[in-house]
Structures are given as C-alpha cells and as structure tokens.
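Accompanying notes for the structure given below.
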Amino acid sequence: MQVLPGGEIVTTSKGETKPFYTDAVVFEYPKEAIKTPAGEFRDILVVTIPEGGPFWFRDVYARGVGLVLHEHESVRGEVKYTLVRAKVQGRTYPQ
Numbered sequence: 003m004q005v006l007p008g009g010e011i012v013t014t015s016k017g018e019t020k021p022f023y024t025d026a027v028v029f030e031y032p033k034e035a036i037k038t039p040a041g042e043f044r045d046i047l048v049v050t051i052p053e054g055g056p057f058w059f060r061d062v063y064a065r066g067v068g069l070v071l072h073e074h075e076s077v078r079g080e081v082k083y084t085l086v087r088a089k090v091q092g093r094t095y096p097q
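Okay, so the sequence shown: first residue is 3 according to my numbering, each after it adds one.
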C-alpha cells in the first residue's frame, strides 16, 4: 500500500497497481490531531465512506507512519483497530 503525493492510496499485488478505495470514499486532511496508544499524530489523512449505507468505515493515516486507526460498522457490528506500538524507519512509537 502506498499514499501518492496527491493523496490517492494504491496497492500493488502481483505487479499490478490499483486504487485501494472506490469513488464512494471521502478524503480529508483535518487540522486536529488523532491520539492513539502509540502517540499523537498531527499530519493525517482521513478516508471515510459516509454513514447511512450498509457499510461505514474510517481509516486514519499518519504521514511517515501509515495506518494508525481503522473503524468500521457493518451488519455484524462495530470494529475498531488502533495502533498501539510500531517501529517505522528506525523510529519507535510511542516515543
């Protein structure tokens, strides 16, 4: 998975690169920080499918780290994954 300079998220599998998300998603660059057990992240990209349909999700990516929060809700219920700790490019989270 890779975030391109324009904000598009793509994935490569077996030599083929494709968009990771469909046209139904909304991309935002909020000014407020997101807090996880791994730390507070300010330079973030939030990708959501708006609520109201059969499936809703929100992914939060931090620059230089990757996915730090994922939430989704479907007919099976609500699920939330949060980054607790990581080591990315020699940097350890939480610091």
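Yeah, the Cβ is synthetic: ideal placement off N, Cα and C, and Gly gets one too.
If residue i and residue j are in contact, beta carbons under 8 Å, what's the gap, nearest whole angstrom?
{"i": "threonine 38", "j": "valine 5", "result": "About 18 Å; that fails the 8 Å criterion."}
Taking all protein chains shown into account, do 16 or more other C-beta atoms lie within 10 angstroms of the C-beta of residue i, making it buried, or fewer, making it exposed?
{"i": "alanine 64", "result": "buried"}
{"i": "alanine 40", "result": "buried"}
Work out the CA separation of residue j and residue i for me, nearest whole Å.
{"i": "glutamate 42", "j": "aspartate 61", "result": "15 Å"}
{"i": "threonine 19", "j": "glycine 68", "result": "18 Å"}
{"i": "valine 12", "j": "glycine 92", "result": "24 Å"}
{"i": "tyrosine 31", "j": "glycine 9", "result": "9 Å"}
{"i": "alanine 101", "j": "tyrosine 95", "result": "Absent from the model: residue 101. The displayed extent of the chain is 3 to 97, so no value can be given."}
{"i": "serine 76", "j": "phenylalanine 57", "result": "5 Å"}
{"i": "lysine 82", "j": "phenylalanine 59", "result": "10 Å"}
{"i": "arginine 44", "j": "isoleucine 36", "result": "7 Å"}
{"i": "glutamate 80", "j": "lysine 16", "result": "32 Å"}
{"i": "leucine 85", "j": "glycine 66", "result": "14 Å"}
{"i": "glutamine 97", "j": "valine 27", "result": "32 Å"}
{"i": "phenylalanine 29", "j": "arginine 78", "result": "25 Å"}
{"i": "arginine 3", "j": "histidine 72", "result": "What sits at residue 3 in the sequence shown is methionine, not arginine. Roughly 15 Å separates the two Cα atoms."}
{"i": "glutamate 34", "j": "threonine 14", "result": "31 Å"}
Handout entry: Cβ pair count under 8 Å reaching 3, the region 12 to 28 against the region 40 to 54
Key = yes
Problem - Complete runs of the beta strand (DSSP E) confined to the region 14 to 96 [at least 3 residues] - result: 18 to 21, 28 to 30, 36 to 38, 41 to 43, 46 to 51, 58 to 64, 68 to 76, 79 to 84, 88 to 90 and 93 to 95
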